[in-house]
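Residue numbers (this note's numbering): 1420 to 1630.
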């Protein structure tokens, strides 16, 4: 990923928090002739290895798991908030439109695991992770025969991460007055993505909330 120095994020705890918050990711592999992508929830183990470990599963009918091979690196893209930026929000002139966004790219070599109890534990953890925010979480008490039949239709895998790149492109090269103008406009937007970019600017760009 092309990352100008002003937009680079290297703090491991910040990258890990971003991965966990934006955990529905794009897994990109090479099928021997062209790139291939799947969109999957990823669980992150920040303490495993030098850069953490991703764990997930996909449908067995999805051919992507057959691309996994020793030494063949995959890319996992975690997508954060993004928004169009109008030059009318800047004090500096002349200016042109741009797009602000945040993304994290993680790299590693995927490997399938088949141990039944590990797969069951992965599915339980995945359900627990995404049900936790609900007032009445689904308990996932499935009959074992039914559960195991479903397990036969998936492939579980893990990706020990070899490197993680973060890019928060939020206008950091612009003046503080321009940044404040962008923040004020995004904060007033009816678009949830735009407001999310504004919230990220609060922590990354030194802007302030105004009445």
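Yeah, the Cβ is synthetic: ideal placement off N, Cα and C, and Gly gets one too.
A distance below 6 Å between beta-carbons, with the five flanking residues on each side excluded, links residue 1620 to the following residues of its chain, in chain order: 1589, 1602, 1626. For the pair residue 1577 and residue 1447, the CB atoms are not nearer than the 9 Å cut-off. Comparing alpha carbon positions, the residue from 1591, 1622, 1440 closest to residue 1509 is 1591.
Runs of beta strand (DSSP E) with 3 or more residues, each lying fully within the segment 1453-1515, are found at 1454-1460, 1462-1464, 1472-1478, 1493-1504, listed in chain order.
In this structure, the alpha-carbon of residue 1623 lies about 12 Å from that of residue 1586. Counting along the chain, the unbroken alpha helix (DSSP H) around residue 1539 starts and ends at 1535-1550.
Only exposed fits residue 1594, as fewer than 16 other CB atoms lie within 10 angstroms of its CB. Residue 1583 places its beta carbon less than 9 Å from that of residue 1525. Less than 9 Å divides the Cβ of residue 1615 from the Cβ of residue 1499. The segment 1442-1459 makes no contact with the segment 1514-1521: fewer than 3 CB pairs, one atom from each, lie closer than 8 Å.
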